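For reference, the structure discussed in these notes is given below.
Residue numbers (the working numbering): 9 to 123.
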């Protein structure tokens, strides 16, 4: 066995090992990207169909379906007002905008709380 054959064998082992590392890294990056896309598709969505629903009832339903707590000042929200809603797989933000329409109120979502 001469020096050239020994060098060639080591080079082949090095290149195949490096190629294997590159393939593993590529697979990890692809899986991480897929998990990120999957997580963003699970945005909070709600489905409620109710006539003459009070805002308090709607907030309770939001909590049941999403796990988000809703904090509000009762003196700022008209509890006697009822609305008809028909949300089918609607984004949480869009539903809140429709629920609070005409109340001259805004909301913010922080972690698992709607204020």
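We treat Cβ as the ideally placed atom computed from N, Cα and C, and that holds for glycine. The model shown is predicted, which means the values in this text are computed figures rather than measured ones.
Please report the straight-line C-alpha distance between residue i and residue j, rounded to a whole angstrom.
i           : j           : result
residue 49  : residue 96  : Confidence in residue 49 is poor, its pLDDT being 43 and thus under 50, which makes the residue's placement unreliable; the coordinate value appears in the next sentence. Distance between the alpha carbons of residue 49 and residue 96: 16 Å.
residue 78  : residue 37  : 37 Å
residue 82  : residue 41  : 43 Å
residue 35  : residue 76  : 35 Å
residue 72  : residue 32  : 42 Å
residue 67  : residue 106 : 13 Å
residue 27  : residue 122 : 49 Å
residue 29  : residue 102 : 45 Å
residue 39  : residue 20  : 29 Å
residue 118 : residue 25  : 46 Å
Please go through the same chain and pick out, in chain order, the residues whose beta-carbon is closer than 6 Å to the beta-carbon of residue i, but skip the five residues on each side of it.
i           : result
residue 111 : none
residue 52  : 74 and 100
residue 116 : 123
residue 43  : none
Name the residue from the options whose alpha carbon lies nearest to the alpha carbon of residue i.
i          : options             : result
residue 69 : 34, 94 and 42       : 94
residue 80 : 60, 114 and 102     : 114
residue 91 : 58, 20, 25 and 123  : 58
residue 85 : 28, 122, 25 and 108 : 108
residue 88 : 60, 106 and 20      : 60
residue 65 : 104, 39, 27 and 25  : 104
Cβ of residue i within 9 Å of Cβ of residue j?
i          : j          : result
residue 55 : residue 98 : yes
Quick one: residues in its chain with C-beta nearer than 7 Å to the C-beta of residue i, no 5 flanking neighbours on either side, listed in chain order?
i           : result
residue 120 : 75, 76 and 77
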